[in-house]
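Number of protein chains: 2
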Amino acid sequence: MLYSENSSHETIRIAVVEDDKTVREGLQMLLNGSPGFSCVATYGNGEDAVADLPAVLPDVVLMDINLPGISGIECILALKEQKVPIQFIMLTVFEDSDDIFHSLSAGASGYLLKQTPPVKLLEAIQDVYRGGSPMSGEIARKVVQSFQHPLPDYAAANGLTKREDEILGYLVKGYFYKEIAGELFISVETVRTHIRNIYEKLQVRTRSEAILKYLNSR
Amino acid sequence: MLYSENSSHETIRIAVVEDDKTVREGLQMLLNGSPGFSCVATYGNGEDAVADLPAVLPDVVLMDINLPGISGIECILALKEQKVPIQFIMLTVFEDSDDIFHSLSAGASGYLLKQTPPVKLLEAIQDVYRGGSPMSGEIARKVVQSFQHPLPDYAAANGLTKREDEILGYLVKGYFYKEIAGELFISVETVRTHIRNIYEKLQVRTRSEAILKYLNSR
DNA sequence: GAATCAATCCCCATTGTGTGGTATATTCAC
DNA sequence: GTGAATATACCACACAATGGGGATTGATTC
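Chains as they are written, first to last, in our numbering: chain H, 136 to 353; chain G, 136 to 353.
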């Protein structure tokens with residue numbers, strides 16, 4: 136992994152999609168003024184970008200999320216749909232969780248706040264160009280946290296007792312009543328009673344619903 | 136967001152868990168030789184770390200994954216279990232996808248390769264200390280890609296026909312055979328036949344197994 | 001000590017599910 | 001056109017799952 140060297144051999148071709156004229160032109164100047172970077176196109180809205188980018192085919196696109204008309208996210212979806220081989224870095228003022236995850240799901244490779252210093256921005260572009268995924272620190276933490284199941288204590292949240300929670304575990308794994316009874320050394324009847332109470336508390340009527348409800352909560 | 140300034144006011148207390156003595160002592164020297172950083176403990180295995188860290192309570196732990204005895208990941212799980220307020224940065228030679236996701240799920244905040252240059256390592260520690268989540272470029276990309284549902288075409292992957300895939304959809308949502316039949320304007324018997332074939336192809340014997348298999352594949 | 005709750009067990013009845021076998025019409029490929 | 005795959009449909013059996021009722025024990029709370 137190499138840092139801070141792009142220098143001579145290759146110039147990264149970049150396009151900017153940003154509705155604020157000042158910001159857009161500021162980025163353009165920054166890029167064209169930095170060796171190894173070239174701003175090959177700028178767009179003030181998503182529609183123009185979607186129409187034009189497949190022909191321009193830059194290496195990296197700096198994409199604002201909040202655009203008049205279609206959003207930056209929809210913009211990416213439209214271009215990915217056409218399998219245009221472009222990398223996207225989202226540039227936005229807010230670190231809204233939904234925006235972050237929607238952007239990444241849509242296919243963005245990086246996610247930075249607009250307040251990112253110019254040097255870091257250039258580094259990020261190189262990073263993406265080389266196959267990385269630059270993110271502001273807080274953004275990265277949100278992304279990482281999405282892997283850390285908060286484990287909201289499903290049992291407590293639904294008023295399940297320990298035994299019920301235990302049985303729910305087996306239920307979700309697909310065990311037959313018989314098998315659960317065998318595992319816990321209790322009668323099938325007892326298992327049935329517990330499950331009845333579980334369903335009552337979870338407001339479901341079948342095992343399938345219970346499984347879905349359980350899995351969707353984590 | 137601030138960069139490259141930790142200087143005087145606060146010293147970050149760090150512990151190192153690493154079985155290779157050379158690497159361990161190298162890190163210790165690096166940390167103690169850098170202003171703003173202090174290596175308060177080192178461990179050659181996970182067991183010692185788990186036993187001792189709750190008392191030492193460093194701000195950040197640099198954790199190797201491959202340790203003799205319990206792994207670095209299990210180590211984190213054990214400490215998180217006790218709700219010890221420590222941030223973890225994984226340090227490893229391999230960028231194995233499973234390791235990455237298991238580490239992050241376990242509660243690691245950062246993930247770096249051992250080949251990361253010292254300066255970047257120190258930056259990463261500061262980043263974690265401030266609430267960020269530093270990752271090597273390739274690692275970040277893997278994490279980001281995990282949001283980009285490849286949608287491996289479940290039907291094709293298992294040799295399901297269009298109709299079977301359609302029915303599997305309802306099955307997984309918890310619809311009764313009756314309801315599926317109603318939705319598709321076919322008889323319940325036909326639904327049953329399809330489901331029999333689906334189970335055969337998916338190598339499952341119950342609806343629960345089918346749901347789990349289906350959900351786990353995306 | 002009465003009330004409450006968790007955990008245990010039982011009966012009855014109905015519906016849902018899984019598996020066995022079989023069959024027909026259509027379509028698509030060779 | 002023969003054969004394979006697909007979608008459709010039926011019968012029958014056995015077991016699993018769900019819903020209604022009720023009951024006992026032990027621990028905890030008030």
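Note that beta-carbon positions come from the ideal geometry of N, C-alpha and C, so glycine has one too.
Chain G within 8 Å of residue i, Cβ atoms only
i	result
residue 231(H)	no
residue 195(H)	no
residue 331(H)	no
residue 346(H)	yes
residue 322(H)	no
residue 327(H)	no
residue 316(H)	no
residue 352(H)	no
residue 275(H)	yes
residue 335(H)	no
residue 236(H)	yes
Option in the options with minimal Cα separation from residue i
i	options	result
residue 179(G)	224(G), 170(G), 200(G)	200(G)
residue 259(G)	272(H), 268(H), 248(H), 325(H)	272(H)
residue 278(G)	174(G), 247(G), 251(G), 175(G)	247(G)
residue 175(G)	320(G), 191(G), 232(G), 186(G)	191(G)
residue 241(H)	230(H), 218(H), 254(H), 255(H)	218(H)
residue 266(H)	270(G), 276(G), 253(G), 161(G)	276(G)
residue 165(G)	253(G), 283(G), 329(G)	253(G)
Three-state secondary structure assigned by DSSP to residue i
i	result
residue 204(H)	coil
residue 243(H)	coil
residue 279(G)	helix
residue 341(G)	coil
residue 330(H)	helix
residue 263(H)	helix
residue 191(H)	helix
residue 322(H)	coil
residue 228(H)	coil
residue 163(H)	helix
residue 197(H)	strand
residue 235(H)	helix
residue 219(H)	coil
CB contact check: residue i to chain H, cutoff 8 Å
i	result
residue 256(G)	no
residue 262(G)	yes
residue 349(G)	no
residue 152(G)	no
residue 341(G)	yes
residue 158(G)	no
residue 148(G)	no
residue 283(G)	yes
residue 239(G)	yes
residue 223(G)	no
residue 298(G)	no
residue 268(G)	yes
Cβ neighbours of residue i in the same chain (closer than 6 Å, five flanking residues each side left out)
i	result
residue 177(H)	151, 159, 163
residue 268(G)	244, 245
residue 202(H)	154, 180, 181
residue 249(G)	226, 228
residue 251(G)	none
residue 198(G)	152, 207, 223, 225
Cβ-based neighbour list, residue i, same chain, cut-off 8 Å, excluding 5 preceding and 5 following
i	result
residue 333(G)	295, 299, 302, 303, 306, 345
residue 339(G)	345, 348
residue 318(H)	305, 310
Spatial neighbours of residue i in its chain, beta-carbon cut-off 7 Å, leaving aside the 5 residues before and after
i	result
residue 257(H)	169, 172
residue 322(G)	316
residue 309(H)	none
residue 208(G)	200, 237, 238, 241
residue 336(G)	293, 294, 295
residue 137(H)	Note on residue 137(H): pLDDT 40, under 50, position unreliable in the model; no value is reported.
Q: Specify whether the region 298-315 of chain H and the region 289-309 of chain G touch according to this definition: at least 3 beta carbon pairs, one from each stretch, less than 8 Å apart.
A: By the C-beta criterion, the region 298-315 of chain H is judged not to be in contact with the region 289-309 of chain G, since fewer than 3 inter-stretch pairs fall below 8 Å.
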